[in-house]
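One structure is given here, and the rest of the page talks about it.
Residue numbers (the UniProt record's numbering): 1 to 168.
Here's what the structure looks like:
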């Protein structure tokens with residue numbers, strides 16, 4: 001079976017980015033013991049990632065690069081903020097350190113993460129961009145399995161594991 005809408009895909013991948021010097025930098029991987037399993041075509045994955053996998057089948061190898069614009073977008077210069085230190089200390093919490101990733105919530109209850117870029121006398125500076133924003137993404141791997149999604153998976157909008165029964 002070839003990868004097409006409403007199929008469940010299990011694959012391995014290695015993800016690299018490129019640093020300022022043009023060298024590839026390893027980010028993460030999914031191997032045969034812990035593959036990435038997803039319902040294809042329902043918006044769970046980056047659209048261009050899925051586009052590159054269209055038509056592949058079990059055993060096929062792949063390698064492609066996504067531009068920053070096709071991945072997590074370019075860095076938004078407006079996505080930086082200074083938060084008052086009291087946000088962290090009022091409830092007896094500890095101040096974060098530069099490099100920490102902290103959970104935040106907006107006024108609508110949406111949760112997201114921010115990277116701490118600086119600690120000042122009265123404020124904590126954070127970057128609200130996705131950690132992979134502004135970076136090209138280099139993927140390579142192997143398609144381990146492609147199968148039709150079950151009715152439950154289609155109704156729930158996500159894969160229930162490589163076998164269709166995990167997770168529920």
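No residue lacks a Cβ here, since even glycine has one placed at the ideal position from N, Cα and C. Given the structure is predicted, the values throughout are model-derived calculations rather than measurements.
Asked: Span of the alpha helix (DSSP H) holding residue 66?; Found: Here residue 66 belongs to no alpha helix (DSSP H); instead the beta strand (DSSP E) covers 61-66.
Asked: For residue 146 and residue 2, which I take to be in contact (beta-carbon distance under 8 angstroms), what is that distance rounded to the nearest angstrom?; Found: 7 angstroms
Asked: Of the choices 157, 162 and 164, whose alpha-carbon is the least far from that of residue 43?; Found: 157
Asked: Can you round the beta-carbon distance between residue 68 and residue 136 to whole angstroms, since I take them to be within the 8 angstroms contact cut?; Found: 6 angstroms
Asked: Would a C-beta distance cut-off of 8 angstroms place residue 143 and residue 85 closer than the cut-off?; Found: no
Asked: Can you name, in chain order, every residue of its own chain whose Cβ lies under 7 angstroms from the Cβ of residue 7, other than the five neighbours on each side?; Found: 1, 40, 146, 147, 148 and 149
Asked: In chain order, which alpha helix (DSSP H) runs of at least 4 residues are fully inside the region 84-155?; Found: 86-89
Asked: Please list the terminal residues of the continuous beta strand (DSSP E) segment that includes residue 16.; Found: 13-18
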